[in-house]
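S.K.: The structure's right below; bear with me while I get my questions together.
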Amino acid sequence: MTSWLPFWPASASAYADRVDLLVWAFSALIIVLAAPVIIGMVWFAAKYHRGSPADRSDAPTRGFWIEADWTVVPFLLAMIFFVWAAHLYYIVRTPPDGAMEVAVVAKQWMWKFQHPGGQREINELHVPTGQPVKLTMTSQDVIHSLFLPELRLKMDVLPDRYTSIWFQADRPGTYALRCTQFCGTDHALMGGRFIVQEPRDYEAWLQASAVDGTLAQEGERLFRRLGCSGCHGMNSAVHAPDLAGIYGTQQPLADGRFVLADDRYIRDSILMPKRQVVAGYEPIMPSFAGKVSEEEILRLIAYVKSLPREGSKQP
Amino acid sequence: MTVYAPPADTPNADTASARPRTYIEAGYTLRSWLLTTDHKRIAILYMVSITGFFFLGALGAAAVRLELLTPKLDLLSADGYNRAFTLHGVVMVWFFLIPSIPTVFGNFLIPLMIGARDLAFPRLNLLSWYIYVLGGLFTAYVLVAGGVETGWTLYTPLSTKYAPGHTVMAAAAIFVVGFSSILTGLNFIVTIHTLRAPGMTWFRLPIFVWSHYATSVILVLATPVLAMALILLALERALGIGVFDPDLGGDPLLWQHLFWFYSHPAVYIMILPSMGVVTELVTTFSRKRVFGYEFVAFASIAIAIIGFLVWGHHMFVAGQSMYASMVFSFLSFLVAAPSAVKVYNWTATLYKGQLDLRAPLLYAMGFIGLFVFGGLTGLILASLALDVHAHGTAFVVAHFHYIMVGGAVSAYLGALHCWWPKMTGRLYSEFWGRISALLIFFGFNITFFPQYILGWLGMPRRYHSYPPEFQSWEVLSSAGAVMLGVGYLLPLVYLLWSLFYGPRAPANPWGATGLEWRVPSPPPKHNFDEIPVVTWKAYDYPPAREEQG
Numbered sequence: 014m015t016s017w018l019p020f021w022p023a024s025a026s027a028y029a030d031r032v033d034l035l036v037w038a039f040s041a042l043i044i045v046l047a048a049p050v051i052i053g054m055v056w057f058a059a060k061y062h063r064g065s066p067a068d069r070s071d072a073p074t075r076g077f078w079i080e081a082d083w084t085v086v087p088f089l090l091a092m093i094f095f096v097w098a099a100h101l102y103y104i105v106r107t108p109p110d111g112a113m114e115v116a117v118v119a120k121q122w123m124w125k126f127q128h129p130g131g132q133r134e135i136n137e138l139h140v141p142t143g144q145p146v147k148l149t150m151t152s153q154d155v156i157h158s159l160f161l162p163e164l165r166l167k168m169d170v171l172p173d174r175y176t177s178i179w180f181q182a183d184r185p186g187t188y189a190l191r192c193t194q195f196c197g198t199d200h201a202l203m204g205g206r207f208i209v210q211e212p213r214d215y216e217a218w219l220q221a222s223a224v225d226g227t228l229a230q231e232g233e234r235l236f237r238r239l240g241c242s243g244c245h246g247m248n249s250a251v252h253a254p255d256l257a258g259i260y261g262t263q264q265p266l267a268d269g270r271f272v273l274a275d276d277r278y279i280r281d282s283i284l285m286p287k288r289q290v291v292a293g294y295e296p297i298m299p300s301f302a303g304k305v306s307e308e309e310i311l312r313l314i315a316y317v318k319s320l321p322r323e324g325s326k327q328p
Numbered sequence: 004m005t006v007y008a009p010p011a012d013t014p015n016a017d018t019a020s021a022r023p024r025t026y027i028e029a030g031y032t033l034r035s036w037l038l039t040t041d042h043k044r045i046a047i048l049y050m051v052s053i054t055g056f057f058f059l060g061a062l063g064a065a066a067v068r069l070e071l072l073t074p075k076l077d078l079l080s081a082d083g084y085n086r087a088f089t090l091h092g093v094v095m096v097w098f099f100l101i102p103s104i105p106t107v108f109g110n111f112l113i114p115l116m117i118g119a120r121d122l123a124f125p126r127l128n129l130l131s132w133y134i135y136v137l138g139g140l141f142t143a144y145v146l147v148a149g150g151v152e153t154g155w156t157l158y159t160p161l162s163t164k165y166a167p168g169h170t171v172m173a174a175a176a177i178f179v180v181g182f183s184s185i186l187t188g189l190n191f192i193v194t195i196h197t198l199r200a201p202g203m204t205w206f207r208l209p210i211f212v213w214s215h216y217a218t219s220v221i222l223v224l225a226t227p228v229l230a231m232a233l234i235l236l237a238l239e240r241a242l243g244i245g246v247f248d249p250d251l252g253g254d255p256l257l258w259q260h261l262f263w264f265y266s267h268p269a270v271y272i273m274i275l276p277s278m279g280v281v282t283e284l285v286t287t288f289s290r291k292r293v294f295g296y297e298f299v300a301f302a303s304i305a306i307a308i309i310g311f312l313v314w315g316h317h318m319f320v321a322g323q324s325m326y327a328s329m330v331f332s333f334l335s336f337l338v339a340a341p342s343a344v345k346v347y348n349w350t351a352t353l354y355k356g357q358l359d360l361r362a363p364l365l366y367a368m369g370f371i372g373l374f375v376f377g378g379l380t381g382l383i384l385a386s387l388a389l390d391v392h393a394h395g396t397a398f399v400v401a402h403f404h405y406i407m408v409g410g411a412v413s414a415y416l417g418a419l420h421c422w423w424p425k426m427t428g429r430l431y432s433e434f435w436g437r438i439s440a441l442l443i444f445f446g447f448n449i450t451f452f453p454q455y456i457l458g459w460l461g462m463p464r465r466y467h468s469y470p471p472e473f474q475s476w477e478v479l480s481s482a483g484a485v486m487l488g489v490g491y492l493l494p495l496v497y498l499l500w501s502l503f504y505g506p507r508a509p510a511n512p513w514g515a516t517g518l519e520w521r522v523p524s525p526p527p528k529h530n531f532d533e534i535p536v537v538t539w540k541a542y543d544y545p546p547a548r549e550e551q552g
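Chains as they are written, first to last, in the working numbering: chain A, 14 to 328; chain B, 4 to 552.
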């Protein structure tokens, strides 16, 4: 739809096309609103320049209704675009269930990705077409921003927080991947390739990439190595919450509040375990701050997420 | 050059025989300037120092545009480039755009326009200038000591933990210069409230004064938030107090909230005085009362108030809640309404006027064109899904340069040309004035329009190297910057020339109606021999007068 324009960026998804359509409509709105001003200025400059014989009688200096009109009409027109743009934003901020999750860790000045199957890559992101993909992102140092121009998408990547973005790319190809939040010396070089492949090509790429196990399996190994299983395991004598099936549920806290057990909560529980203690348990867990990297935390989260709901003992 | 005689019915104090001593003749020593409490002399002090900072900031821009001529990093180092754009941003925003029109033209004109002998607090006014200079010295130190590479927004934790430059000193410079703003704003508010001449009611004030009133409210209310945020930033960096540091339980996004709570209204600090200037220029050079005076006056206040509620539109992709973003987007659309009022009313003012297409009107019309375009592309950025794509790219750079450079700098130059005869007593060359206005308009568009396209193509801002396919647009932009640079240098030459060789200016060279045009050019030290009694409406041009009766 947009290829006839030499300076128009390629698009890799249906969502991007919808954004482009909005931009074209918005451009028309800009012309509609600006034209009276530009034409008016040029016309009046030509007609009413000093010394011209134009008729200047009854020049108005006020007019309540005309002013009310040109306040309200542009505003109402703009409101249509506000709702339109907000609707698209709602879509892009609401990932569908069952999206394939890719973990993203940013650092000065590289992007690290890890697929659900455990495949890791740096400054390159492979995804299959036709499949919703959700990126869960965090930063090791400063704020970065992941920008996928051909998807018309970007999201900041913050230290100590998880932000996410989702998309469904439809058109195979190799596209840009950039950082748009100024992040220090080599900000300009913090980019890479975003590679959209047909599902079978993506499958082949997954097979060809060496892995030590899925993200969750790596997390499980880590869970044992760090000694988490000593307390949280099924047969443990220590009174620690069972983690099976907690992901995505509301957890009662000792202070009476409830908290949603999401990525953020699990991360906080690892790094700052005394901040939100689950009701019925003693605050005995030590902090793992400084002992685990951002990537390891993401693996631990993947492991907790993978634990089935069945057989969980409620406290 | 034609010099128009003042209209016969305008009181004209400029009688050559009994000319009172002008404010310039009140003393020629350096001491008499550096210890002056005359608002007009302080305005000149500001004008000289602000011009210096403008060209310092322009050096940063020149370095950036030169580096971007080629896709690779070849002129500067990576940090050198980052320091160049940080210098450009810090100096232009805090040392030029924010203070320029209020401290130069607000200082010079507000007392004259409202029929007062000076500002309410003349010594405080002088102190504001010294504080500005002190802030400037801090900036100069940062520059000499090696610079700072955080960008003018100083985002944490980059600025607190990861950027090696002189961030604390840069923050101190901004902190100090902020106090200058607060004092100036306070002085204007008190002056406008208490020192209006008899008969100068609120609805007889020139729009210029209304817009400075609105600006002063923002200066006084928003600047302390920035000051507080800068203290936290400096403490965080020096002592690691952990307000912004996630490792210590702080929140890096808190900085963005505090910063934009000031810095978004700051955009209106730059643009409201510009709107005031443009209103004066449009009405003066079409010899017609401002269309819808009341709407235009109240629009200033509306912009100032709503301007406090839109800061979150800088953070649509920063991780704030989706619904917060929707509210901020809506409020940002809301601010467009009073801005539209201004633009349409200016255009309507030209209708059936007597348009005198001199340099000041050309600058004003250039402002209107660029502001309309900058403002409407601002709506693109206020639209959530579109901002997600355009945020952090050259599109944003283009947008705010249309407002802040195409708008505020054009208005500054328009004001400079309009009131130059009043300030200096000399007329400038109309020919060169028009040439510079046209050069700036076209140079500006060639520089910044390509950046809209670059941004939509996916070129992020603050990149020292970029994919080669963007090069043609970057080269075009740099070529425009050369033209723009010539346009900015020209007034420096012919205005200085006019100081010595320009024809003497009469009291009212443009046949305008404001009180400032009823005193001699340049004005005497105490402005008015007798405080005038105002019995006429603002912009009492002949056709308007008929409907009054």
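Glycine included, every Cβ here is placed at the ideal spot set by N, Cα and C.
Grouping DSSP H, G and I as helix and E and B as strand, with all else coil, what is L320 of chain A?
M.R.: The sequence position of residue 320 of chain A within the first sequence is 307, counting from 1. Coil, per DSSP.
S.K.: Quick check: what's the CA-CA separation for E137 of chain A versus T176 of chain A?
M.R.: Position 124 of the first sequence, counting from 1, holds the residue named residue 137 of chain A. Position 163 of the first sequence, counting from 1, holds the residue named residue 176 of chain A. Roughly 19 Å separates the two Cα atoms.
S.K.: Please report the distance separating the alpha-carbon of L219 of chain A from that of V344 of chain B.
M.R.: Here residue 219 of chain A refers to the residue found at position 206 of the first sequence. Here residue 344 of chain B refers to the residue found at position 341 of the second sequence. Rounded to whole angstroms, L219 of chain A to V344 of chain B spans 58 Å at the Cα level.
S.K.: Which residues does DSSP list as the beta-bridge partners of Y188 of chain A?
M.R.: Stepping through the first sequence from its first residue, residue 188 of chain A is reached at position 175. Beta-bridge pairing links Y188 of chain A to A:F207.
S.K.: So I438 of chain B and A482 of chain B are in contact, right, with Cβ under 8 Å, and what is the actual spacing, rounded?
M.R.: The residue you call residue 438 of chain B lines up with position 435 of the second sequence. The residue you call residue 482 of chain B lines up with position 479 of the second sequence. 18 Å between Cβ atoms; not a contact.
S.K.: Give the secondary structure of D276 of chain A by DSSP, where H, G and I count as helix, E and B as strand, and everything else as coil.
M.R.: By one-based count along the first sequence, residue 276 of chain A stands at place 263. It is helical.
S.K.: So P108 of chain A and P145 of chain A are in contact, right, with Cβ under 8 Å, and what is the actual spacing, rounded?
M.R.: Start at 1 with the first residue of the first sequence, and residue 108 of chain A comes out as number 95. Start at 1 with the first residue of the first sequence, and residue 145 of chain A comes out as number 132. About 7 Å; that satisfies the 8 Å criterion.
S.K.: Would Q127 of chain A and E308 of chain A be called neighbours here (beta carbons separated by less than 9 Å)?
M.R.: Stepping through the first sequence from its first residue, residue 127 of chain A is reached at position 114. Stepping through the first sequence from its first residue, residue 308 of chain A is reached at position 295. Against a cut-off of 9 Å, the Cβ pair of E308 of chain A and Q127 of chain A comes out as a contact.
S.K.: Would you kindly report the start and end of the unbroken alpha helix (DSSP H) that includes W423 of chain B?
M.R.: The count along the second sequence starts at 1 and reaches residue 423 of chain B at position 420. S413 to T427 is the extent of the alpha helix (DSSP H) around W423 of chain B.
S.K.: Does any residue of chain B bring its CB to less than 9 Å from the CB of T149 of chain A?
M.R.: Taking the first residue of the first sequence as 1, we reach residue 149 of chain A at position 136. No - not a single Cβ of chain B is within 9 Å of the one on T149 of chain A.
S.K.: Determine the burial state of W314 of chain B: buried for a count of at least 16 other Cβ atoms within 10 Å of its Cβ, exposed for fewer.
M.R.: Numbered from 1 along the second sequence, position 311 holds the residue referred to as residue 314 of chain B. Looking at its Cβ environment, which holds 16 or more other Cβ atoms inside 10 Å, W314 of chain B is buried.
S.K.: How close, in whole Å, do the beta carbons of H267 of chain B and G310 of chain B come, if the pair is a contact with beta carbons under 8 Å?
M.R.: Counting from 1 along the second sequence, the entry for residue 267 of chain B is found at position 264. Counting from 1 along the second sequence, the entry for residue 310 of chain B is found at position 307. Yes, H267 of chain B and G310 of chain B are in contact; Cβ-Cβ is about 7 Å, under 8 Å.
S.K.: Quick one: grab the DSSP three-state call for E114 of chain A.
M.R.: Position 101 of the first sequence, counting from 1, holds the residue named residue 114 of chain A. If DSSP states are grouped into helix, strand and coil, E114 of chain A belongs with the strands.
S.K.: If you measure between the beta carbons of F434 of chain B and Y405 of chain B, is that distance less than 9 Å?
M.R.: Numbered from its first residue, the second sequence carries residue 434 of chain B at position 431. Numbered from its first residue, the second sequence carries residue 405 of chain B at position 402. No; because the gap between Cβ atoms is not below 9 Å, this pair is not in contact.
S.K.: Going by Cα to Cα distance, which pick from A:T149, A:F160, A:L148 and A:G293 is closest to A10 of chain A?
M.R.: Given a span of 14 to 328 for chain A in the structure shown, any question on residue 10 of chain A remains unanswerable.
S.K.: What are the complete beta strand (DSSP E) segments, minimum 3 residues, inside the stretch 329–393 of chain B?
M.R.: Correct list: empty.
S.K.: With DSSP collapsed to three states, give me the class of T5 of chain B.
M.R.: As a working note, residue 5 of chain B is residue 2 in the second sequence. Annotation note: pLDDT 40 at T5 of chain B (below 50); position unreliable, coordinate value reported separately. Three-state DSSP puts T5 of chain B in coil, outside helix and strand.
S.K.: Would a check of beta-carbon distances place M325 of chain B closer than 9 Å to chain A?
M.R.: For this step, residue 325 of chain B is matched to residue 322 along the second sequence. It does: the Cβ of M325 of chain B has a partner Cβ on chain A nearer than 9 Å.
S.K.: Do S335 of chain B and L275 of chain B have their C-beta atoms within less than 9 Å of each other?
M.R.: Within the second sequence, the letter at position 332 stands for residue 335 of chain B. Within the second sequence, the letter at position 272 stands for residue 275 of chain B. Cβ distance not < 9 Å, so S335 of chain B and L275 of chain B don't count as in contact.
S.K.: Is the CB-CB distance between T282 of chain B and P209 of chain B below 9 Å?
M.R.: As a working mapping, residue 282 of chain B is identified with position 279 in the second sequence. As a working mapping, residue 209 of chain B is identified with position 206 in the second sequence. Taking 9 Å as the Cβ cut-off, T282 of chain B and P209 of chain B qualify as a contacting pair.
S.K.: Verify whether the separation of the beta carbon atoms of W21 of chain A and D33 of chain A is less than 9 Å.
M.R.: Stepping through the first sequence from its first residue, residue 21 of chain A is reached at position 8. Stepping through the first sequence from its first residue, residue 33 of chain A is reached at position 20. Cβ distance < 9 Å, so W21 of chain A and D33 of chain A count as in contact.
S.K.: For M168 of chain A, does the three-state DSSP call read helix, strand or coil?
M.R.: As a position in the first sequence, residue 168 of chain A is number 155, starting the count at 1. The answer is strand: DSSP assigns M168 of chain A an E or B state.
S.K.: Checking the sheet assignment: what are the DSSP bridge partners for S158 of chain A?
M.R.: Locating residue 158 of chain A in the first sequence gives position 145, counting from the first residue. Paired residues: A:D169.
S.K.: Can you tell me the Cα-Cα spacing of A29 of chain B and P525 of chain B, whole angstroms?
M.R.: Here residue 29 of chain B is taken as the residue at index 26 of the second sequence, counted from 1. Here residue 525 of chain B is taken as the residue at index 522 of the second sequence, counted from 1. Spanning the two alpha carbons is a distance of roughly 12 Å.
S.K.: Thinking F160 of chain A and G138 of chain B are a contact (beta carbons under 8 Å), I'd like their distance in whole angstroms, please.
M.R.: Locating residue 160 of chain A in the first sequence gives position 147, where the first residue counts as 1. Locating residue 138 of chain B in the second sequence gives position 135, where the first residue counts as 1. Not a contact, Cβ separation roughly 35 Å.
S.K.: My output table needs one value for S26 of chain A: the three-state DSSP class, helix, strand or coil.
M.R.: Reading the first sequence from its first residue, position 13 is the one you call residue 26 of chain A. Note: S26 of chain A maps to coil in three-state DSSP.
S.K.: Taking 8 Å as the cut-off, does the stretch 283–298 of chain B touch the stretch 145–154 of chain A (at least 3 CB pairs, one atom from each stretch)?
M.R.: No, the stretch 145–154 of chain A is not in contact with the stretch 283–298 of chain B.
S.K.: For A200 of chain B, does the three-state DSSP call read helix, strand or coil?
M.R.: Reading the second sequence from its first residue, position 197 is the one you call residue 200 of chain B. Three-state result, A200 of chain B: coil.
S.K.: Using a cut-off of 7 Å between C-beta atoms, extract the partners of M329 of chain B located in chain A.
M.R.: As a working note, residue 329 of chain B is residue 326 in the second sequence. The contacting residues are A99.
S.K.: Alpha carbon to alpha carbon, how far is T538 of chain B from Q551 of chain B? Give it in angstroms, no decimals.
M.R.: Counting from 1 along the second sequence, the entry for residue 551 of chain B is found at position 548. Counting from 1 along the second sequence, the entry for residue 538 of chain B is found at position 535. At Q551 of chain B, the pLDDT of 41 sits below 50, so the modelled position is not reliable; the number obtained from the coordinates is stated separately. Computed Cα separation, rounded: 12 Å.
S.K.: Below 8 Å on the Cβ atoms is my contact criterion, and I expect C192 of chain A with G204 of chain A to pass it. Report the Cβ-Cβ distance as a whole number of Å.
M.R.: Taking the first sequence and counting its residues from 1, the one referred to as residue 192 of chain A is at position 179. Taking the first sequence and counting its residues from 1, the one referred to as residue 204 of chain A is at position 191. Going by Cβ atoms, the distance from C192 of chain A to G204 of chain A rounds to 7 Å, so yes, they are a contact pair.
S.K.: Grouping DSSP H, G and I as helix and E and B as strand, with all else coil, what is V146 of chain A?
M.R.: Start at 1 with the first residue of the first sequence, and residue 146 of chain A comes out as number 133. Residue state, collapsed to three classes: strand.
S.K.: Could one say the Cβ of A119 of chain A lies closer than 9 Å to chain B's Cβ atoms, at least one of them?
M.R.: Start at 1 with the first residue of the first sequence, and residue 119 of chain A comes out as number 106. Cβ-Cβ to chain B under 9 Å: no for A119 of chain A.
S.K.: Sorted by chain position, which residues of the same chain lie with C-beta nearer than 7 Å to F271 of chain A's C-beta, five sequence neighbours on each side aside?
M.R.: Mapped onto the first sequence, residue 271 of chain A falls at position 258. Closer than 7 Å at the Cβ level, and outside the excluded window around F271 of chain A, lie Q263, Q264 and P265.
S.K.: If we define contact as Cβ-Cβ less than 9 Å, is W539 of chain B a contact residue for chain A?
M.R.: Taking the first residue of the second sequence as 1, we reach residue 539 of chain B at position 536. It does not: the Cβ of W539 of chain B has no partner Cβ on chain A nearer than 9 Å.
S.K.: Under 9 Å, Cβ to Cβ, is there at least one residue of chain A near F191 of chain B?
M.R.: As a position in the second sequence, residue 191 of chain B is number 188, starting the count at 1. No, no contact with chain A.
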